[in-house]
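To keep things clear, I will list the structure first and then write my remarks on it.
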Amino acid sequence: AKQDAGLDPRVYAWFESRGIGKETVDAWGVYTQDRFTDGQQRRWVAFPFRDFEQNLINVKYRTVSDKRFMQEKDAEQTFYGLNMCEEGKTLYIVEGEMDALSMYEAGYRNVVSVPSGGISAKSIGKLAEDSDKFLFLNHAGDWLDQFDHYVLACDFDEVGKALMEEVSRRL
């Protein structure tokens, strides 16, 4: 699969329609990539996940038209935006990549997104400490200790509320 040098102007326009400007999209290194899935070649928006040393460790892909998602197979799970955080006392944790970009656009510089969305309410308190769903917390490790406050800003549906409850319990 080939990575584009820049974004298609229509993709920038799509971000702009969501209130996210070109500067934010470029700062986070978002790009497009053609991928062959389900028997057809499609263009996906790619959200790169980087570690503290700026190494690429995962990419999550999303289609614009029908909101489909996929990630690199067997990639390490970490917060999206970990590499973008500045020093501060408060860390904002959101449910998705678009939420992280929106918060950044609004001026919040210490914002990260969980890598794979929410959980079901029946999972609260029942997932193992090393559950694949929460390995991103293990990856962040001691880095999380630098913050005095966490603000969980997830969707207020059943899945988002369950995610907030489980992340707050683990933090």
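Residue numbers (the numbering used here): 3 to 173.
Where is the CB? At the ideal position from N, CA and C, for every residue including glycine.
Query: Meets three-Cβ-pair contact criterion under 8 Å: the region 8-24 and the region 77-89; Result: no
Query: As assigned by DSSP and simplified to three states, the class of Leu93; Result: strand
Query: Range of the contiguous alpha helix (DSSP H) that encloses Val169; Result: Glu160 to Arg172
Query: C-beta contact flag for Phe191 and Thr80 at 8 Å; Result: Residue coverage of the chain in this structure runs from 3 to 173, which leaves residue 191 outside it and unanswerable.
Query: DSSP bridge partner residues for Asp36 (one or two, in chain order); Result: Arg45
Query: Contact set for Thr92: own chain, Cβ-Cβ below 8 Å, skip 5 residues either direction; Result: Asn112, Phe149, Asp150, His151, Tyr152 and Val153
Query: Those residues which DSSP pairs with Lys62 across a bridge; Result: Phe49 and Gln73
Query: Under 8 Å between C-beta atoms of Tyr63 and Ser115; Result: no
Query: Beta-carbon spacing of Glu99, Phe136 below 8 Å; Result: no
Query: Simplified DSSP state of Ala155, which is helix, strand or coil; Result: strand
Query: Reduced DSSP category for Tyr176 - H, G, I as helix; E, B as strand; rest coil; Result: Only positions 3 to 173 of the chain appear in this structure, which leaves residue 176 out of reach.
Query: Residue burial classification, Asp101 (beta-carbon count within 10 angstroms, cutoff 16); Result: buried
Query: Own chain residues within Cβ distance below 7 Å of Ser170, not counting five before or after; Result: Leu154
Query: Residue from Asp36, Val66, Met105 and Asn60 whose Cα sits closest to the Cα of His141; Result: Asn60
Query: Proximal residues to Lys24 (C-beta, below 6 Å), its chain only, five neighbours per side dropped; Result: Tyr14
Query: Alpha carbon of Pro117 to alpha carbon of Glu18, nearest angstrom; Result: 23 Å
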